[in-house]
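Report on the structure given below.
Protein chains: 2
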Amino acid sequence: MEPEGVSRGSIRPVAQLHESFIIAVDDEGLLLIDQHVAHERILFDKFRRKETERALESQNLLLPETVDLSPAQSQAFEIVEEELSSIGFGLMRLSGRTVAIKSIPTDLPAAEVHNLFAEILDNIDLEKRGSGKATVRDDIAASLACKAAVKINMKLTLEKMHWLIDRLLTTSSPTTCPHGRPVILRLSMKDIERGFHRT
Amino acid sequence: MEPEGVSRGSIRPVAQLHESFIIAVDDEGLLLIDQHVAHERILFDKFRRKETERALESQNLLLPETVDLSPAQSQAFEIVEEELSSIGFGLMRLSGRTVAIKSIPTDLPAAEVHNLFAEILDNIDLEKRGSGKATVRDDIAASLACKAAVKINMKLTLEKMHWLIDRLLTTSSPTTCPHGRPVILRLSMKDIERGFHRT
């Protein structure tokens, strides 16, 4: 069973395996799709694409969330503030090292915004200050995508599986996640028939 | 992907792959079941078991089918007549080498009875005349099972898949067919997680 290219035929989800992997079929055989990394790939592309397309949608928080930054986080914030705004964060620096988060990208779970925000800032390598926007943007996109993606051990409806597969196939690289892990494993009919001694 | 033992947990069919293999899941991972050889194994056990249990059920043919035997087939018929009767065939020798088939085992497709009957007789090795009933019975059971089993490229309902799996698990050897081919291929969660670089 090897990670492989996606089929040209249409991929049809049939069930979920242990609430973690999507079982799907297409003209060429059986596919297993890692639901977390599939969603991660979709979100990563979405967050990274924002500069070339219209602004991403935001959701307003019911109550703005205030965050007290450490000195290092405060430095990181200066680097990423603009990027975060263009991705859909509504941010306002209050007195000193306190920041108010008024809105967040629609894909993010509101309950995790505090942790997520701190994580992004902690992950910014201050040495990268001069390494250009694209690198910073990719780092942020990867952090957000990982946090916002559906998790392993989470039940999905068949509709959600369809959505994930349809969106996955429109991404720049449907077969690997931003960290290089495979998104799709494929068992071809030839492999299966060989397994059953049918060839 | 290796043929392996069946799980102690319950096996749940989720879909059919290319109308030939049953996709199923259990506690230990994913299973693929070859629908033809699974049914073959079930029927083989059934036809072979007949001596130790009550007689198998017959279905009467609307019109008795008469078959003209070749000299070799006629010799073979003498060897297997008793076995065929105990399996559920209602047979009557008419004049010369003509035999009337009045009833057949319930699992057999009535439309194929003529071919099936000829095939059984042709497959009886006349040299085996002295090799004992058990061998003859196994030969007949294998012929009948292969012919009567659902074929590859045949759509199954989810109910039929459930039935096949339930019955398969009660057979003497659920993982291999009478000809030694695997019935079940298994992909364990460990294999799958390894494939996705999750371990």
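If you read the sequences in order, they're chains C and E.
For the first sequence, the working numbering gives the first residue as 968, with consecutive numbering after it.
For the second sequence, the working numbering gives the first residue as 968, with consecutive numbering after it.
Ideal Cβ placement from N, Cα and C applies to all residues, glycine included.
Remember, predicted model here, so these are calculated numbers, not experimental data.
Taking a beta-carbon distance threshold of 8 Å, C:D1105 does not count as an interface residue toward chain E.
E:P1031: member of the beta strand (DSSP E) spanning 1025-1035, first to last residue. By the rule that beta-carbons nearer than 8 Å mark a contact, C:M1128 does not touch chain E. At least one beta carbon of chain E lies nearer than 8 Å to the beta carbon of C:I990. By DSSP's assignment, E:M1059 forms a beta bridge with E:A1067. The region 977-992 of chain C makes contact with the region 1118-1126 of chain C: 3 or more CB pairs, one atom from each, lie closer than 8 Å. In summary, C:E1050 is buried, with 16 or more beta-carbon neighbours lying within 10 Å of its beta-carbon over all protein chains present. In the three-state scheme derived from DSSP, where H, G and I count as helix and E and B as strand, C:V1047 is classed as helix. Residues of chain C whose Cβ lies closer than 8 Å to the Cβ of E:L1152 are, in chain order, I1159, G1162, F1163.
Take E:A1115, set aside five residues on each side of it, and the residues of its chain with a beta-carbon closer than 7 Å to its own are L1010, D1074, L1075, P1076, in chain order. C:R1148 carries a coil assignment under DSSP once its states are collapsed to helix, strand and coil.
Residues of the same chain with a CB within less than 6 Å of the CB of C:M1128, apart from the 5 flanking positions on each side, are P980, I989 in chain order. Within the same chain, R1064 come within 8 Å of C:S1037 by CB-CB distance, once the 5 residues on both sides are set aside. Counted as a single uninterrupted DSSP element, the beta strand (DSSP E) harbouring C:L984 occupies residues 979-984. E:R1016 carries a helical assignment under DSSP once its states are collapsed to helix, strand and coil. Among the residues facing chain E, C:V981 is included, as its CB has a counterpart in that chain under 8 Å away.
By the neighbour-count definition (other C-beta atoms within 10 Å, threshold 16), E:E1024 is an exposed residue. At least one beta carbon of chain C lies nearer than 8 Å to the beta carbon of E:L984. Cα atoms of E:A1078 and E:E1032: separation of roughly 10 Å, rounded to the nearest angstrom. Each residue's CA atom was taken as its position, placing E:P1149 and E:M1156 some 20 Å apart. For C:L1088, the enclosing alpha helix (DSSP H) begins and ends at 1080-1090. Using a 10 angstroms sphere on the CB of C:R1016, the tally of other CB atoms stays under 16, which defines it as exposed.
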